[in-house]
Amino acid sequence: ATSFIVEGVKIGWPFPMIMPPQRQMAVHLVKALKNRRHVVLESPTGTGKSVAILTAVLAWQRYNAKISGGDESVKIIYCSRTHSQVQQMVASLRKTSYRPKMAIL
Numbered sequence: 014a015t016s017f018i019v020e021g022v023k024i025g026w027p028f029p030m031i032m033p034p035q036r037q038m039a040v041h042l043v044k045a046l047k048n049r050r051h052v053v054l055e056s057p058t059g060t061g062k063s064v065a066i067l068t069a070v071l072a073w074q075r076y077n078a079k080i081s082g083g084d085e086s087v088k089i090i091y092c093s094r095t096h097s098q099v100q101q102m103v104a105s106l107r108k109t110s111y112r113p114k115m116a117i118l
């Protein structure tokens, strides 16, 4: 595991290395979240989009709670087409320092 910082937001990464497309997604996401803007991300299959997006959003959630003096109350809803994709995401998140409350429906 490693970490990197984007505009003051420390992003915990669950793997030894981060690929350039994953870093770019994290940068764009954090900038959009900090500025309360929308962002559209596109990347080919197998580039680690899901884990890049969730780790960046969870890092921002933690950062936002810290600077606002509140809790991590911003809700994140992750949708997936298959149970195996959900299981893969949960396994990836368990490798990170993030421990979000989760409900699988």
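Residue numbers for the sequence shown follow this note's numbering, beginning at 14 and rising by one.
Yeah, the Cβ is synthetic: ideal placement off N, Cα and C, and Gly gets one too.
Asked	Found
Residues in its own chain within less than 8 Å of G21 by CB, not counting five upstream and five downstream?	Y76
Considering only their Cβ atoms, is the gap separating P27 from A39 smaller than 8 Å?	no
Please confirm whether V70 and L42 have their CB atoms less than 8 Å apart.	yes
Rounded to the nearest angstrom, how far is the Cβ of G61 from that of M32, given a contact under 8 Å?	6 Å
In or out: Q74 buried (at least 16 other Cβ within 10 Å) or exposed?	buried
Apart from the five residues on each side of it in sequence, which residues of its chain come closer than 6 Å, Cβ to Cβ, to L46?	W73
What do you get for A65, buried or exposed, if any count of 16 or more other CB atoms within 10 angstroms of its CB means buried?	buried
May I have the straight-line CA-CA distance separating I24 from R36, to the nearest angstrom?	10 Å
Tell me where the alpha helix (DSSP H) around I66 begins and ends.	62 to 81
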